[in-house]
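**Q**
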Amino acid sequence: MRIYPKKKPNYIFISGGVLSGLGKGITTASIGLILKSKGFKVTAIKIDPYINFDAGTLRPTEHGEVWVTEDGGEIDQDLGHYERFLGEKLSKNHNITTGQVYYAVITRERAGNYLGKTVQPIPHITDEIKRRITTLVEKEGVEFVLIEIGGTIGDYENVLFLEAARQMKYEGRRVLFVHVSYLPVLGSTGEMKTKPTQHSVKALQGLGIQPDFIICRSEQELDAPRREKVALFCSVKSEDIIANPDVKNIYEIPLKLDEQKIGDKILNKLALKAKKSDLSDWKKFVEKMNNATKEVKIGIVGKYFDVGKYKLRDSYISVIEAIKHAAGANDVHPKMMWIDAKDLEKKSKLKILNEVDGIIVPGGFGSEGVEGKILAIKYARVNEIPFLGLCFGFQLAVVEYARNVCGLEDANTTEVDSGTKIPVIDFLPWQKELIKQSKYGATMRLGAQVIRIKKNTLAWKLYGNDRVVERFRHRYEINPKYINEFETHGFIFSGESEKEEGIMQIGELPEYKHKFFIGTQAHPEFTSRPLKPNPLFNGFIRASSR
Ligand code: GLN
Numbered sequence: 422m423r424i425y426p427k428k429k430p431n432y433i434f435i436s437g438g439v440l441s442g443l444g445k446g447i448t449t450a451s452i453g454l455i456l457k458s459k460g461f462k463v464t465a466i467k468i469d470p471y472i473n474f475d476a477g478t479l480r481p482t483e484h485g486e487v488w489v490t491e492d493g494g495e496i497d498q499d500l501g502h503y504e505r506f507l508g509e510k511l512s513k514n515h516n517i518t519t520g521q522v523y524y525a526v527i528t529r530e531r532a533g534n535y536l537g538k539t540v541q542p543i544p545h546i547t548d549e550i551k552r553r554i555t556t557l558v559e560k561e562g563v564e565f566v567l568i569e570i571g572g573t574i575g576d577y578e579n580v581l582f583l584e585a586a587r588q589m590k591y592e593g594r595r596v597l598f599v600h601v602s603y604l605p606v607l608g609s610t611g612e613m614k615t616k617p618t619q620h621s622v623k624a625l626q627g628l629g630i631q632p633d634f635i636i637c638r639s640e641q642e643l644d645a646p647r648r649e650k651v652a653l654f655c656s657v658k659s660e661d662i663i664a665n666p667d668v669k670n671i672y673e674i675p676l677k678l679d680e681q682k683i684g685d686k687i688l689n690k691l692a693l694k695a696k697k698s699d700l701s702d703w704k705k706f707v708e709k710m711n712n713a714t715k716e717v718k719i720g721i722v723g724k725y726f727d728v729g730k731y732k733l734r735d736s737y738i739s740v741i742e743a744i745k746h747a748a749g750a751n752d753v754h755p756k757m758m759w760i761d762a763k764d765l766e767k768k769s770k771l772k773i774l775n776e777v778d779g780i781i782v783p784g785g786f787g788s789e790g791v792e793g794k795i796l797a798i799k800y801a802r803v804n805e806i807p808f809l810g811l812c813f814g815f816q817l818a819v820v821e822y823a824r825n826v827c828g829l830e831d832a833n834t835t836e837v838d839s840g841t842k843i844p845v846i847d848f849l850p851w852q853k854e855l856i857k858q859s860k861y862g863a864t865m866r867l868g869a870q871v872i873r874i875k876k877n878t879l880a881w882k883l884y885g886n887d888r889v890v891e892r893f894r895h896r897y898e899i900n901p902k903y904i905n906e907f908e909t910h911g912f913i914f915s916g917e918s919e920k921e922e923g924i925m926q927i928g929e930l931p932e933y934k935h936k937f938f939i940g941t942q943a944h945p946e947f948t949s950r951p952l953k954p955n956p957l958f959n960g961f962i963r964a965s966s967r
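This is the structure:
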């Protein structure tokens with residue numbers, strides 16, 4: 422069904438300058454939130470210039486977390502920021518990659534659709550990019566679409582996307598350009614420098630694009646002389662240079678941008694009028710977060726941290742945000758401790774778990790660090806430390822219980838030991854065939870599924886509902902053959918798939934055994950929103966702060 426908007430849609434392209442990792446995704450999401458709060462129907466698209474069809478086959482340390490949409494898309498983590506800030510559910514079509522665009526054009530070429538013609542980057546690739554953006558916008562009937570172009574100006578790989586954006590404006594569509602750039606402060610002189618930004622804007626202008634706004638990311642506040650300099654050299658009015666210095670809490674960014682009236686300035690340029698932005702609920706949430714003084718220490722036992730000499734948390738970004746949302750709601754300040762599962766395998770290191778108030782074992786793949794995670798889970802179970810297991814973390818909690826409570830010493834997941842005699846976690850039956858045929862792309866059990874919650878369990882108390890929807894991404898499951906064995910030993914399966922009977926989705930220990938021990942096959946971090954924390958995270962943080 423096509424719902425055409427009352428007025429013509431407005432396209433805002435967001436590009437990046439000087440360096441990557443500036444938080445373009447958060448900036449995009451923040452502008453979206455401001456426009457939404459003015460009463461517009463807003464959405465966002467992320468363009469990733471890589472050849473991969475989607476992010477599903479990318480390693481987390483390479484790309485960061487894979488965000489999962491309700492319709493089962495495995496896509497860029499920026500979509501997570503969009504969904505969290507906008508409070509809208511986005512489909513997988515909101516992530517466009519070079520791979521998808523070329524695949525579509527080459528498929529058409531093979532089908533003879535361009536017979537007789539030379540198929541070229543311009544116009545065929547750029548047309549396909551424009552087609553993807555405009556059809557999505559028409560289908561959803563939105564008034565504003567923010568399109569974040571991944572990478573940095575000067576990268577070869579995003580040139581055709583920028584060209585498509587330029588053409589959209591040239592063709593008379595309602596288009597604005599926002600350039601997010603960086604102003605470094607030199608360590609030796611302490612001076613903020615504008616030259617890299619000037620260069621990146623020159624490069625953008627060289628592609629035929631004049632930015633309407635420049636958002637200046639920096640460690641320190643932008644001062645008047647630097648603002649004037651950027652304005653003069655980049656031909657952007659000084660009031661359209663927006664400061665965006667580092668903040669402690671990313672949820673402050675929409676408020677900072679709103680203070681500088683970016684929403685009204687955007688509307689002015691497009692000759693639109695709307696009510697004042699209303700971010701009062703958002704502001705309350707930010708204040709609650711910032712004012713919390715009581716600290717709660719959460720240990721996250723994972724393995725996707727190290728990239729060379731640097732530790733990157735991007736692999737677990739939604740888990741981090743879900744913790745923050747729940748902490749805000751419980752008036753506590755979360756301190757996250759990153760615990761490398763591989764380290765825990767040296768038993769002397771287990772002591773570190775003494776310091777935490779709650780333990781999360783997040784999603785993961787493969788055998789590395791698994792024994793360390795199992796030790797952490799045992800530690801949480803035996804010492805009654807609140808525990809939340811997410812997907813792989815849930816599966817390993819089941820392995821731990823099998824080994825140490827049910828007396829099945831050799832229990833394992835076939836993901837780690839394909840020949841294990843006691844496969845308490847095994848392939849979902851239909852997954853085996855796919856893997857045999859090396860079909861890895863977009864073939865996991867993906868997207869939203871309904872979970873039926875068992876009455877009078879912890880899960881039921883937390884969700885307050887007997888039917889809930891969460892998002893999934895996995896190939897393995899609790900082996901149905903062992904469910905009885907677990908239940909006899911006091912483990913409770915409190916959530917089961919509604920569609921596929923026998924697939925266990927949530928498991929827990931009864932209250933008399935543990936104050937908070939729960940795991941889920943789902944990724945509840947994907948449904949947590951700032952103003953609406955996910956119930957499992959909420960309960961976990963509440964238990965951890967007691
Ligand atoms: N590796 C496990 C599986 O495929 C868990 C996946 C995950 O944690 N997302 O089932």
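Numbers 422 to 967, taken from the numbering used here, label the letters of the sequence shown in order. Even glycine gets a Cβ: it sits at the ideal position worked out from N, Cα and C.
Please go through the same chain and pick out, in chain order, the residues whose beta-carbon is closer than 8 Å to the beta-carbon of Y897, but skip the five residues on each side of it.
**A** Excluding residues within five positions, the ones whose Cβ falls inside 8 Å are Q816, T834, T835, E836, I846, D847, F848, L849, Q852.
**Q** Give every residue of the same chain whose Cβ lies closer than 6 Å to the Cβ of G916, excluding the five residues on either side of it in the sequence, and list them in chain order.
**A** Hits under 6 Å: I872, I874, A880, Q926, I927.
**Q** Between the region 765 to 785 and the region 712 to 720, do three or more beta carbon pairs fall short of 8 Å?
**A** Verdict: yes, contact present.
**Q** Taking only runs of the alpha helix (DSSP H) that begin and end inside the region 754 to 834, which ones reach a length of at least 4 residues, in chain order?
**A** Entirely contained in the region 754 to 834, the alpha helix (DSSP H) runs reaching 4 residues are, in chain order, 762 to 765, 791 to 803, 813 to 825.
**Q** Is any non-hydrogen atom of ligand 1 found closer than 7 Å to the C-beta of Q498, if you look at the structure I gave you?
**A** No, ligand 1 has no heavy atom inside 7 Å of this Cβ.
**Q** Nearest CA to the CA of G453: which residue from G790, C827, E509?
**A** Nearest of G790, C827, E509 to G453, Cα basis: E509.
**Q** For the region 872 to 915, which segments carrying the beta strand (DSSP E) assignment without a break, of at least 3 residues, lie completely within its bounds, in sequence order?
**A** Those beta strand (DSSP E) runs which fall completely within the region 872 to 915 and span 3+ residues are 888 to 895, 897 to 899.
**Q** D661 to P544, Cα distance in whole Å?
**A** The alpha-carbon atoms of D661 and P544 are separated by roughly 32 Å.
**Q** Counting only the same chain and skipping the five closest in sequence on each side, list residues whose C-beta sits under 7 Å from that of Y884.
**A** Correct list, in chain order: I874, P956.
**Q** Which complete alpha helix (DSSP H) runs does the region 653 to 729 hold, if anything under 4 residues is left out?
**A** Listed in chain order, the complete alpha helix (DSSP H) runs (minimum 4 residues) inside the region 653 to 729 are 674 to 680, 683 to 690, 701 to 712.
**Q** Would you say Q870 touches ligand 1, meaning its beta carbon is less than 7 Å from a heavy atom?
**A** Checking the Cβ of Q870 against ligand 1 gives no.
**Q** Taking 7 Å as the limit between beta carbons, can you name the residues of its chain near R892, skipping five residues before and five after?
**A** Same-chain partners within the cutoff: V489, E491, G868, A869, A943, H944, F947, T948.
**Q** With DSSP run on the structure shown, which of helix, strand or coil describes P844?
**A** Note: P844 maps to strand in three-state DSSP.
**Q** Any heavy atom of ligand 1 closer than 7 Å to the CB of Y897?
**A** Yes, the Cβ of Y897 comes within 7 Å of a heavy atom of ligand 1.
**Q** When we look at the beta-carbon of I760 and count the other beta-carbons within 10 Å, is it buried (16 or more) or exposed?
**A** The residue is buried, with at least 16 neighbouring Cβ atoms inside 10 Å.
**Q** I'd like the span of the alpha helix (DSSP H) that includes N959, first residue to last.
**A** Start and end: 956 to 965.
**Q** For E932, which option in I913, E922, G923 has the closest C-alpha, if you only look at C-alpha atoms?
**A** Selected option, being the one with the closest Cα: I913.
**Q** Can you list the alpha helix (DSSP H) stretches of 4 or more residues lying completely in the region 492 to 560, in chain order?
**A** Complete alpha helix (DSSP H) runs here, min 4: 499 to 507, 519 to 531.
**Q** Could you tell me the distance, in whole angstroms, from the CA atom of S639 to the CA atom of N712?
**A** In a straight line, the C-alpha of S639 is about 24 Å away from that of N712.
**Q** Considering only their Cβ atoms, is the gap separating A645 from F434 smaller than 8 Å?
**A** The answer is no: Cβ separation not under 8 Å.
**Q** Looking only at its chain, what residues have a beta carbon closer than 6 Å to the beta carbon of V826, apart from the 5 residues adjacent to it on each side?
**A** Contacts found: H910.
**Q** Quick check on E929: does DSSP put it in helix, strand or coil?
**A** In the structure shown, E929 sits in a strand (DSSP, three-state: E or B).
**Q** For the alpha helix (DSSP H) containing G749, list its first residue and its last residue.
**A** Taken as a continuous stretch (DSSP letters only), the alpha helix (DSSP H) holding G749 covers 738 to 750.
**Q** For the alpha helix (DSSP H) holding A465, just list the boundary residues, first then last.
**A** Careful: A465 lies outside any alpha helix (DSSP H), inside the beta strand (DSSP E) at 463 to 469.
**Q** At a cut-off of 7 Å, would you count F947 as near ligand 1, judging by its Cβ distance to the nearest heavy atom?
**A** It does not: the Cβ of F947 is nowhere closer than 7 Å to a heavy atom of ligand 1.
**Q** Within 10 Å of its beta-carbon, does L440 have 16 or more other beta-carbons around it, so buried, or fewer, so exposed?
**A** By the neighbour-count rule (16 or more Cβ atoms within 10 Å), L440 is not buried but exposed.
**Q** If I measure Cβ to Cβ from A964 and keep anything under 8 Å in the same chain, skipping five residues before and after, which residues do I get?
**A** If we look at A964 and ignore the five residues flanking it on each side, its Cβ neighbours are G779, P807, K936, F937.
**Q** Are G537 and N473 closer than 8 Å when you measure CB to CB?
**A** Cβ distance not < 8 Å, so G537 and N473 don't count as in contact.
**Q** Among residues of its own chain, excluding the 5 on either side of E716, which ones have a beta-carbon nearer than 6 Å to its beta-carbon?
**A** Within the same chain, E716 has close Cβ partners H754, K756.
**Q** Hey, how far is the Cα of F654 from the Cα of D576?
**A** Straight-line Cα distance between these residues: approximately 22 Å.
**Q** Three Cβ pairs or more, each shorter than 8 Å: is that satisfied between the region 496 to 507 and the region 461 to 481?
**A** Cβ pair count under 8 Å is three or more, so yes.
**Q** Between L678, G862, I843, which has its C-alpha nearest S458's C-alpha?
**A** The candidate whose alpha carbon is nearest that of S458 is L678.
**Q** Where does Q588 sit, in a helix, a strand or coil, going by DSSP?
**A** Helix, per DSSP.
**Q** By DSSP, does E917 sit in helix, in strand, or in coil?
**A** It is a strand residue.
**Q** Out of S436, T941, L855, R888, which has the shortest C-alpha to C-alpha gap to L625?
**A** That would be S436, whose Cα lies nearest to the Cα of L625.
**Q** Please classify I527 as buried or exposed, where buried requires at least 16 neighbouring CB atoms within 10 angstroms.
**A** I527 is exposed by the Cβ-count criterion.
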